[in-house]
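S.K.: Residue numbers for the sequence shown follow this note's numbering, beginning at 1 and rising by one. The C-beta atom is built at its ideal place from N, Cα and C for all residues, glycine as well. Computed from a predicted structure; not experimentally measured. Sharing a structure here in structure tokens format.
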Amino acid sequence: MGIELQGITKTYGKAEQPVLHDVNAEIQDGELFVIVGPSGCGKSTLLRMIAGIIPITSGKLAIDGQIMNAVPPKDRKLAMVFQSYALYPFLDVAANVAFGLQARKMPAVEVEQRVNEALKLGDLTAYRNRKPRELSGGQRQRVALARAIASDAKICLMDEPLSNLDAQLRVRMRTEIRELQRKLGLTLIYVTHDQTEAMTMADHVMVLHEQHVQQIDTPLDIYNHPANHFVAEFFGTPQINLLPVTTEITRELQVTAGFQLTLQRPLTAGTYTLGIRPNQLLALPVAAGAGNGVVTNVETLGELTIIEVLTDNGTALRIVQSGQVQFPLEQRVQVSAQGKILIFDEHEQLIAEEEGATNDQFVSVN
Ligand SMILES: Nc1ncnc2c1ncn2[C@@H]1O[C@H](COP(=O)(O)OP(=O)(O)OP(=O)(O)O)[C@@H](O)[C@H]1O
Numbered sequence: 001m002g003i004e005l006q007g008i009t010k011t012y013g014k015a016e017q018p019v020l021h022d023v024n025a026e027i028q029d030g031e032l033f034v035i036v037g038p039s040g041c042g043k044s045t046l047l048r049m050i051a052g053i054i055p056i057t058s059g060k061l062a063i064d065g066q067i068m069n070a071v072p073p074k075d076r077k078l079a080m081v082f083q084s085y086a087l088y089p090f091l092d093v094a095a096n097v098a099f100g101l102q103a104r105k106m107p108a109v110e111v112e113q114r115v116n117e118a119l120k121l122g123d124l125t126a127y128r129n130r131k132p133r134e135l136s137g138g139q140r141q142r143v144a145l146a147r148a149i150a151s152d153a154k155i156c157l158m159d160e161p162l163s164n165l166d167a168q169l170r171v172r173m174r175t176e177i178r179e180l181q182r183k184l185g186l187t188l189i190y191v192t193h194d195q196t197e198a199m200t201m202a203d204h205v206m207v208l209h210e211q212h213v214q215q216i217d218t219p220l221d222i223y224n225h226p227a228n229h230f231v232a233e234f235f236g237t238p239q240i241n242l243l244p245v246t247t248e249i250t251r252e253l254q255v256t257a258g259f260q261l262t263l264q265r266p267l268t269a270g271t272y273t274l275g276i277r278p279n280q281l282l283a284l285p286v287a288a289g290a291g292n293g294v295v296t297n298v299e300t301l302g303e304l305t306i307i308e309v310l311t312d313n314g315t316a317l318r319i320v321q322s323g324q325v326q327f328p329l330e331q332r333v334q335v336s337a338q339g340k341i342l343i344f345d346e347h348e349q350l351i352a353e354e355e356g357a358t359n360d361q362f363v364s365v366n
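Quick look at the structure:
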């Protein structure tokens with residue numbers, strides 16, 4: 001079932017400022033839609049309004065074409081999974097999964113069938129008689145998921161369901177949730193503050209910041225064409241390099257950081273920012289006195305090396321190179337850029353994308 005948000009605004013109590021302002025989105029039937037943003041941006045608030053736990057101040061919420069603003073949570077046909085698993089400690093796994101169904105007075109035979117099915121999907125059959133305290137964090141989270149699956153709701157809402165798990169388990173559960181969601185054809189709205197979860201799981205991502213939707217797009221479109229500085233910096237590790245430039249020349253852009261860029265489409269004179277991802281920069285070692293910058297830090301991650309360079313005109317750059325690049329600190333380097341360079345205007349909005357090419361395929365840094 002699809003979900004539509006139209007001009008949704010939320011103001012808590014007598015507060016003067018809304019915590020969410022004019023949120024619009026169309027969530028397609030059967031997709032995994034991630035709401036992402038920093039702490040306090042209103043992700044949980046939006047999810048709770050969709051669930052019907054808190055009222056919508058203004059705007060419309062439609063599920064499957066029907067306006068839902070005044071419909072109580074139990075009639076919205078959705079399941080929720082929270083950060084805290086909210087399992088009953090005194091009930092075993094099977095009883096936890098069955099609880100909601102029994103509360104709805106479903107016949108015992110059907111409850112049994114659904115519980116078995118959900119436990120099988122969650123790979124929990126062997127644990128059906130255990131109490132929550134006898135399970136690992138990942139298993140508990142799977143019980144919470146099984147409970148959502150058993151409810152047979154076509155829409156599932158998840159609020160940071162993996163944040164209590166260790167890094168390895170989180171990665172595995174991401175894949176498991178994604179597979180289950182596809183298998184069951186669920187419409188899943190998933191809240192997280194973790195850009196990696198958003199990138200790896202979503203069909204579409206909504207980025208929230210400062211009460212407003214910043215962008216809704218596929219993960220790759222968000223990464224490749226971020227609408228503004230905030231989105232550009234939020235996605236991608238290490239962070240994108242944002243370099244201020246002032247130009248009086250319309251076609252030859254002389255960047256203060258030292259980049260020269262020949263634009264395909266001229267810009268009017270003004271102040272801009274160039275966005276260059278760390279993996280689009282290349283640092284080559286040169287002899288003392290040569291090059292355009294100096295290495296200030298090196299982090300070796302095994303398959304990648306993160307290099308920090310201070311250019312001669314004082315700009316700090318983050319550079320990622322594949323493999324194990326050995327650079328002593330203070331090494332002189334020649335930095336060049338390759339590939340697509342994003343251009344933002346003085347309001348931090350993306351206005352153009354340019355291939356970084358001058359004489360050869362690299363943009364030179366002088
Ligand atoms: N019941 C409430 N009454 C008043 N203000 C609230 C209430 N609940 C949340 N807020 C405020 O609304 C804003 C958004 O909170 P919300 O919990 O939706 O953010 P979030 O993006 O989910 O954050 P986090 O990632 O930290 O969980 C915050 O400034 C918060 O202080």
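Here's the rule I'm using: 16 or more other beta-carbon atoms within 10 Å means buried, otherwise exposed. How should I351 be labelled?
M.R.: Exposed.
S.K.: What separation, rounded to the nearest whole angstrom, lies between the Cα atoms of A287 and P244?
M.R.: Their Cα atoms are separated by approximately 28 Å.
S.K.: Enumerate in chain order the residues of its own chain whose CB-to-CB distance from E330 is below 7 Å, with the five nearest sequence positions on each side excluded.
M.R.: Excluding residues within five positions, the ones whose Cβ falls inside 7 Å are V294 and V295.
S.K.: Can you determine whether any heavy atom of ligand 1 sits closer than 7 Å to the C-beta of Y190, and answer yes or no?
M.R.: Outside the cutoff, so no.
S.K.: Tell me the rounded alpha-carbon separation between A257 and N228.
M.R.: The predicted model places A257 with a pLDDT of 45, which falls under 50 and marks its position as unreliable; any figure quoted below should be read in that light. Answer to the nearest angstrom: the Cα atoms are 20 Å apart.
S.K.: Can you give the beta carbon distance from E160 to T200, rounded, assuming they're within the 8 Å contact cut?
M.R.: At roughly 15 Å, the Cβ-Cβ gap does not stay under 8 Å, so E160 and T200 are not in contact.
S.K.: In the DSSP assignment, what are the bridge partners of A283?
M.R.: For A283, which the question treats as bridged, DSSP gives the partners V335.
S.K.: So which residues put a beta carbon under 5 Å from any heavy atom of ligand 1, going in chain order?
M.R.: Result: Y12, V19, S39, G40, C41, G42, K43, S44, T45 and H193.
S.K.: Which same chain residues, not among the five before or five after L284, have their C-beta less than 7 Å away from its C-beta?
M.R.: Closer than 7 Å at the Cβ level, and outside the excluded window around L284, lie V333 and Q334.
S.K.: Would the segment 102 to 116 count as touching the segment 52 to 63 if we require 3 or more Cβ pairs under 8 Å?
M.R.: Segments in contact, no.
S.K.: By the three-class DSSP mapping on this structure, what secondary structure does N96 have?
M.R.: If DSSP states are grouped into helix, strand and coil, N96 belongs with the helices.
S.K.: Can you tell me whether R130 is helix, strand or coil according to DSSP?
M.R.: In this structure, R130 counts as coil in the three-state DSSP scheme.
S.K.: Quick one: measure Cβ to Cβ for M49 and K10, integer angstroms, because I've assumed they're closer than 8 Å.
M.R.: Confirmed, about 6 Å.
S.K.: Where DSSP assigns a beta bridge to M375, which residues make up the other side?
M.R.: In the structure as shown, the chain starts at 1 and stops at 366, and residue 375 therefore has no counterpart that could be examined.
S.K.: For A62, which three-state DSSP category applies?
M.R.: Residue state, collapsed to three classes: strand.
S.K.: Is P89 helix, strand or coil when you go by DSSP?
M.R.: It is coil, neither helix nor strand.
S.K.: So the beta strand (DSSP E) M68 belongs to, where does it begin and stop?
M.R.: From DSSP, M68 is part of no beta strand (DSSP E); its letter is neither H nor E.
S.K.: What's the call for R133, buried or exposed, on a 16-neighbour Cβ count within 10 Å?
M.R.: Per the 10 Å Cβ criterion, exposed.
S.K.: Provide the residue span of the alpha helix (DSSP H) that contains K120, from first to last.
M.R.: It spans A108 to L121 - the alpha helix (DSSP H) in which K120 sits, taken as one unbroken run.
S.K.: Within 8 Å of any Cβ in chain B, is that where the Cβ of A86 sits?
M.R.: No chain B appears in the structure shown, which is made up of a single protein chain.
S.K.: Once DSSP output is grouped into helix, strand and coil, what is the label at I31?
M.R.: According to the sequence displayed, residue 31 carries Glu and not Ile. Here E31 sits in coil by DSSP.
S.K.: Cβ of G13 within 8 Å of Cβ of N24?
M.R.: In this structure, N24 does not lie closer than 8 Å to G13 by Cβ.
S.K.: Considering only the alpha carbon of each residue, which of L274, L188, T311 and L317 lies closest to D152?
M.R.: D152 has its Cα closest to that of L188, out of L274, L188, T311 and L317.
S.K.: Can you give me the C-alpha to C-alpha distance between T196 and F235, rounded to a whole angstrom?
M.R.: Roughly 8 Å between the two C-alpha positions.
S.K.: Name, in chain order, the residues that DSSP records as bridge partners for V213.
M.R.: Bridge partners of V213: L208.
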